[in-house]
Amino acid sequence: MKPENDNSPRDDSAGMLDENISRLLKAASDSTSPSRRFTESLIGGALSELEGAQVKKKDETRRAAGSDWLEKTLGWAAMVAAACSAGVAVIASIFLKMNFVLQSAVVLTMIFNWLTYLGEFIR
Amino acid sequence: MPDELDQQKWAAFARGDADVWRVFIDRQIPRLYGLFLRSWANRSLAEELVQRTVFDAVRGRGGYDPAKGGPEEWILAIARNNIRLEVRKRASRPSPNGDVSRYFEAIDTRPLPDELLEREETADMVRLALSRLESKEQVVLEAKYIQELTAADIARQMGTTEKAVHSLLYRARISLRRELERLASLNEKG
Chain X
1099 MKPENDNSPR
1109 DDSAGMLDEN
1119 ISRLLKAASD
1129 STSPSRRFTE
1139 SLIGGALSEL
1149 EGAQVKKKDE
1159 TRRAAGSDWL
1169 EKTLGWAAMV
1179 AAACSAGVAV
1189 IASIFLKMNF
1199 VLQSAVVLTM
1209 IFNWLTYLGE
1219 FIR
Chain S
7 MPDELDQQKW
17 AAFARGDADV
27 WRVFIDRQIP
37 RLYGLFLRSW
47 ANRSLAEELV
57 QRTVFDAVRG
67 RGGYDPAKGG
77 PEEWILAIAR
87 NNIRLEVRKR
97 ASRPSPNGDV
107 SRYFEAIDTR
117 PLPDELLERE
127 ETADMVRLAL
137 SRLESKEQVV
147 LEAKYIQELT
157 AADIARQMGT
167 TEKAVHSLLY
177 RARISLRREL
187 ERLASLNEKG
């Protein structure tokens, strides 16, 4: 918030001398109000802090919204996976109850269908 | 109707509306500065405490409760709390002794104690030291530290270059330091 430093030799001792001289001269001054430059600099700093806090808040909201979307997608994927598993279980149980000839016919039909599909795909 | 307007203003204030805060801080800075200056005759400390209070308010705006009073009373309560903290800080550190020259000798290595800056004799010594400098040096020191102008602004005012201002400031600081040391040692002998 302090105004820019105008020290020529920029080292620690010059910085401390600058700071102390500033404090001494202010102590000797009769002014009862802060300088306009100090006021403007402080207002600018405070408004930047406010802006920064609001940007951070927006980021958090956006991040929360992003995680909501991820949760919804994962939820839907889990539901589809559960439905598919139930379907596979039903089909498998029916398949296991079939006699050997019928099982062989189902498997051969599936292989024939896959080969036809593959042939169509290659062509 | 005024109540409704106030409520809208308070809501915008708590939300951190930049326009409302700009007006609010601009009005509060002189009030807070005066309050701190009444506690300690130390302008740099007053600036530091004003700065601390404003930032405490900005960071703690979520805790502002309109039911307990207006924003002015709220920031005043923060300022009073900062005064209490400063009083406690001062009570825990040793007060500077009467040997002023010892502090001026270490002016470029250690911060001067606030209590030293608040003595009337220190202010008198600075005024006297300043009056012994060349007029150009007095002007440049006042422009830089009291009016808080940038080197570019000072250069424009003095009709010179920024480089010349930097070099004049450097010489002025050294001269002031030398004068202060001399006056402090004379004071000690006297």
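Top to bottom, those sequences are chains X and S. Using the numbering used here, the letters of the first sequence correspond one by one to residues 1099 to 1221. Using the numbering used here, the letters of the second sequence correspond one by one to residues 7 to 196. We put the CB at the ideal spot given by N, CA and C, even for glycine.
Chain S contact for residue i (CB, 8 Å cutoff)
i, result
"Thr1130 of chain X", "yes"
"Thr1159 of chain X", "no"
"Lys1124 of chain X", "yes"
"Asp1104 of chain X", "Low per-residue confidence applies at Asp1104 of chain X: pLDDT is 45, beneath 50, and the placement is therefore not dependable, though the value from the model is reported in the following sentence. True, the Cβ-Cβ gap to chain S drops below 8 Å."
"Leu1222 of chain X", "Limits of chain X in this structure are 1099 at one end and 1221 at the other, which puts residue 1222 of chain X out of reach."
"Met1177 of chain X", "no"
"Ser1120 of chain X", "yes"
"Asp1116 of chain X", "yes"
"Ser1133 of chain X", "yes"
"Ser1127 of chain X", "yes"
"Pro1101 of chain X", "Here the model assigns Pro1101 of chain X a pLDDT of 45, short of 50, so the residue's position is not dependable, and the following value carries that caveat. Yes, its Cβ sits closer than 8 Å to a Cβ of chain S."
CB-CB length for residue i against residue j, believed under 8 Å
i, j, result
"Glu190 of chain S", "Ser107 of chain S", "The residue asked about is misnamed: residue 190 of chain S is Ala in this sequence, not Glu. Sure, about 4 Å apart at Cβ, within 8 Å."
"Ile89 of chain S", "Ser45 of chain S", "6 Å"
"Val171 of chain S", "Ala161 of chain S", "5 Å"
"Ser1132 of chain X", "Glu53 of chain S", "In the sequence as presented, Ser is not what sits at residue 1132 of chain X; that position holds Pro. At roughly 6 Å, the Cβ-Cβ gap stays under 8 Å, so Pro1132 of chain X and Glu53 of chain S are in contact."
"Val1186 of chain X", "Met1196 of chain X", "That belief does not hold up - the Cβ atoms of Val1186 of chain X and Met1196 of chain X are roughly 16 Å apart, past 8 Å."
"Arg1134 of chain X", "Ser50 of chain S", "With 8 Å as the limit, Arg1134 of chain X and Ser50 of chain S do not qualify as a contact, their Cβ atoms being about 17 Å apart."
"Val29 of chain S", "Ala1144 of chain X", "About 12 Å; that fails the 8 Å criterion."
"Asn48 of chain S", "Glu124 of chain S", "5 Å"
"Gln57 of chain S", "Leu1140 of chain X", "6 Å"
"Gly40 of chain S", "Thr1130 of chain X", "7 Å"
"Ala129 of chain S", "Leu186 of chain S", "Not really, about 12 Å apart at Cβ, beyond 8 Å."
"Asp32 of chain S", "Thr1137 of chain X", "7 Å"
"Ser1127 of chain X", "Ile152 of chain S", "5 Å"
C-beta neighbour in chain X for residue i, strict 8 Å
i, result
"Arg179 of chain S", "yes"
"Phe42 of chain S", "no"
"Asp32 of chain S", "yes"
"Gly22 of chain S", "yes"
"Gln144 of chain S", "no"
"Thr59 of chain S", "no"
"Trp46 of chain S", "no"
"Gln153 of chain S", "yes"
"Val26 of chain S", "no"
"Val64 of chain S", "yes"
"Glu187 of chain S", "no"
"Arg183 of chain S", "yes"
"Val132 of chain S", "yes"
"Pro102 of chain S", "no"
"Ala190 of chain S", "no"
"Pro119 of chain S", "no"
"Leu147 of chain S", "yes"
"Glu194 of chain S", "no"
"Ala170 of chain S", "no"
Contacting residues, own chain, Cβ-Cβ under 6 Å from residue i (five flanking each side not counted)
i, result
"Trp16 of chain S", "Pro72"
"Thr1159 of chain X", "none"
"Phe42 of chain S", "Ala52 and Leu55"
"Asp62 of chain S", "Ile84"
"Leu118 of chain S", "Tyr109"
Nonlocal neighbours in the same chain, by C-beta distance under 8 Å from residue i, ignoring five residues either side
i, result
"Leu74 of chain S", "The question names Leu, yet the displayed sequence has Lys at residue 74 of chain S. Cβ within range, chain order: Trp80."
"Arg183 of chain S", "Phe110, Ile113 and Asp114"
"Pro1107 of chain X", "Only weak support is given to the placement of Pro1107 of chain X: the predicted model assigns it a pLDDT of 43, under 50, and the value that follows is read from those uncertain coordinates. Excluding residues within five positions, none has a Cβ falling inside 8 Å."
Any non-hydrogen atom of the ligand FAD closer than 7 Å to residue i Cβ
i, result
"Ala1176 of chain X", "What this structure holds is no ligand at all, so the ligand FAD is not there to describe."
Neighbourhood of residue i by C-beta distance below 7 Å, restricted to the same chain and skipping five residues each side
i, result
"Leu1123 of chain X", "none"
"Arg121 of chain S", "The residue you asked about is not Arg; residue 121 of chain S is Glu in the sequence shown. Excluding residues within five positions, the ones whose Cβ falls inside 7 Å are Ser101 and Pro102."
"Leu38 of chain S", "Val56, Thr59 and Ala85"
| task | Return the residues of the segment 1140–1152 of chain X that lie within a Cβ-Cβ distance of less than 8 Å from chain S, sorted by chain order. | result | Leu1140, Ile1141, Gly1143, Ala1144, Leu1145, Glu1147, Leu1148, Glu1149, Ala1151 and Gln1152
| query | Given a limit of 7 Å on CB to CB distance, which residues of the segment 71–100 of chain S reach chain X? | reply | Taken residue by residue, none of the segment 71–100 of chain S has a beta-carbon sitting less than 7 Å from a beta-carbon on chain X.
| request: For the segment 1185–1211 of chain X, enumerate the residues whose C-beta is nearer than 9 Å to any C-beta of chain S, in chain order. | output: none
| query | Quick check: the segment 92–107 of chain S against the segment 145–157 of chain S, are there 3 or more CB pairs under 8 Å? | reply | no
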